[in-house]
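Numbering (the working numbering), first residue to last: 10 to 269.
Below: one structure, written as structure tokens.
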Amino acid sequence: MNVLEEIVKKRRIRIEQQKKVIDDDEMRNLALHAPNQIPFLLESTLREPELSFILEVKKASPSKGMIVEEFPYIKIAKEYESAGANAISVLTEPDYFRGDTKYLKEIREQVDIPILRKDFIIDDYQIYEAKVIGANAILLICAILEEEILKKFLKLAYDLGLSCLVEAHDKDEIGKAVRAGARIIGVNNRNLKDFRVDLNTTRQLRQLVPPSILFLAESGIKTSKDIAFLKECNVDGVLIGETMMTAHNKYEALQALKGD
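Written out as structure tokens, the structure is:
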């Protein structure tokens, strides 16, 4: 069993535990009565002409272990927004990334830019929950979802006004995302099965994504040279985690990435 399979297995167990506290019907009802937000805010943000930067709030990862010991997540999110982030990604997976839905909920109360719920979504319960805690968008990972399930999750999210970042890592997954109806596709330059990183993954897969679909690069982005390379690949945005999390001055770090 690889790490991705382990994460999904643990996620399934935790979801069933959650349902004993708030069941499916109650979570669905909470979502349907959640405060109204501007629908598909992440999509409209990514359609701006300049390259969009989605900066990530995360404490740990399977590939790096603990990224930071101190984790003032609200302060980090507000610094990202002040620095010029176009959106924020918040990890909510508890076992491998040390995430929590409360982080996203509390950050939502403090920032105005779009928030992506970054998690391993395998149950529609989590999509309703994303709406309840104030996310504007969710991550859907092709590697862990059958095509029909992906299509179902996309429809549910769209019905709730949530954008979906559909993550792919190879040609087959790009095809799956396009057929399922993805409007934003992100190429993860990190292979989730062995955690190796290669920015060329973005370049190789870019041509397979129709121009009408927004296209993002994720993982392994560390320098302004990387950003310049990805601009040449004609990406609409980048998602950056560890590089920004470990930066002492978020504003200076983002300006350095932009080459300013």
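Cβ coordinates follow ideal geometry from the N, Cα and C atoms, glycine included.
Predicted model only: the values in this text are computed from it and were never measured.
Inset, instruction - Kindly provide the ranges of any alpha helix (DSSP H) runs that are 4 or more residues long and lie completely inside the region 13-50, ordered along the chain. - result: 33-41
Inset, instruction - Please list, in chain order, all residues of the same chain as Pro219 whose beta carbon is under 8 Å from its beta carbon, the five residues on each side excluded. - result: Val187
Inset, instruction - Between the Cα of Lys267 and those of Asp235, Thr255 and Glu251, spot the shortest distance and give me the residue it belongs to. - result: Asp235
Legend entry - Entirely enclosed beta strand (DSSP E) segments - the region 129-199, minimum 3 residues: 146-150, 172-177 and 193-197
Legend entry - 9 Å Cβ cutoff met for Ile249 and Ile63: yes
Inset, instruction - Taking Lys127 as part of the beta strand (DSSP E), name the residues at either end of that continuous run. - result: Ile124 to Lys127
Inset, instruction - In the DSSP assignment, find the beta strand (DSSP E) that holds Ala226 and state where it starts and stops. - result: Leu223 to Glu227
Inset, instruction - Would you mind sorting Met254 into buried or exposed? The rule is 16 or more other CB atoms within 10 Å of its CB. - result: buried
Inset, instruction - Could you pull out every unbroken beta strand (DSSP E) segment of at least 3 residues lying fully inside the region 57-116, listed in chain order? - result: 61-66 and 96-100
Inset, instruction - Have a look at Asn70 and Ser233 and give me their C-alpha separation to the nearest angstrom. - result: Per the sequence shown, residue 70 should be read as Ser rather than Asn. If you take the alpha carbons of Ser70 and Ser233, they lie about 23 Å apart.
Legend entry - Cβ-based burial, Tyr260 [other Cβ within 10 Å; buried from 16]: exposed
Inset, instruction - Go ahead and label His178 buried or exposed: buried means 16 or more other beta carbons lie within 10 angstroms of its beta carbon, across all protein chains shown. - result: buried
Legend entry - Cβ neighbour criterion (16 or more within 10 Å) applied to Leu41: exposed
Inset, instruction - Count the other CB atoms, across all protein chains shown, that sit within 10 Å of the CB of Gly143; report buried if there are 16 or more and exposed otherwise. - result: buried
Legend entry - Ile22 to Lys180 span [Cα, whole Å]: 31 Å
Inset, instruction - Determine the burial state of Pro44: buried for a count of at least 16 other Cβ atoms within 10 Å of its Cβ, exposed for fewer. - result: exposed
Legend entry - Where the beta strand (DSSP E) through Ile249 begins and ends: Gly246 to Ile249
Inset, instruction - Find out if the Cβ-Cβ distance for the pair Leu159, Ile136 is shorter than 9 Å. - result: no
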